[in-house]
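Colleague:
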Amino acid sequence: MKRLVAIAIASWAVGTAAVASERCNVPIADWQPRKVLQAKLESVGWKVRSIRSEDGCYEAFAINAEGEKVAAFFNPKSLEILDTKIEH
Numbered sequence: 330m331k332r333l334v335a336i337a338i339a340s341w342a343v344g345t346a347a348v349a350s351e352r353c354n355v356p357i358a359d360w361q362p363r364k365v366l367q368a369k370l371e372s373v374g375w376k377v378r379s380i381r382s383e384d385g386c387y388e389a390f391a392i393n394a395e396g397e398k399v400a401a402f403f404n405p406k407s408l409e410i411l412d413t414k415i416e417h
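Rendered as structure tokens:
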């Protein structure tokens, strides 16, 4: 059972990294500041815990408006959401 869970987590991580690297090929000079992403998320009811750079994207850890723990990837130029994972 533990092995199955580890495989599932590894598969998600690889898939997420592939999505991120394909859609986050943005020169650093074109990135919007993290505080702009934070303000955008807070305006829709998210409580942001942290935002970091990951594989050329922004990765935000937050509590969404429904009270769920979320890890989400964003394009650093457009701030378009690319992938979301609800953490349990």
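Each residue of the sequence shown is one higher than the last, beginning at 330 in this note's numbering. Quick reminder that beta carbons are idealized off the backbone N, C-alpha and C, glycines included.
(1) Please give me, in chain order, every unbroken run of the beta strand (DSSP E) with length at least 3 that falls completely inside the segment 347–403.
(2) Quick check on Ala394: buried or exposed, where buried means 16 or more other Cβ atoms within 10 Å of its Cβ?
(3) Sorted by chain position, which residues of the same chain lie with C-beta nearer than 7 Å to Leu352's C-beta, five sequence neighbours on each side aside?
(4) I need the straight-line Cα distance from Thr413 to Lys364, nearest angstrom please.
(5) Just grab the DSSP bridge partners of Lys414 for me.
Modeller: Looking at the atomic coordinates:
(1) 376–383, 386–392 and 398–403
(2) Your numbering for residue 394 matches position 65 in the sequence shown. Result: exposed.
(3) As a first step, residue 352 is located in the sequence shown; it is residue number 23 there, counting from the start. It should be pointed out that residue 352 corresponds to Arg in this sequence rather than to Leu. Only Asn404 and Leu411 meet the Cβ criterion.
(4) One-based indexing of the sequence shown puts residue 413 at position 84. One-based indexing of the sequence shown puts residue 364 at position 35. Taking the straight line joining both Cα atoms gives about 19 Å.
(5) The sequence position of residue 414 within the sequence shown is 85, counting from 1. According to DSSP, which records beta bridges pairwise, Lys414 is partnered with Ala400.
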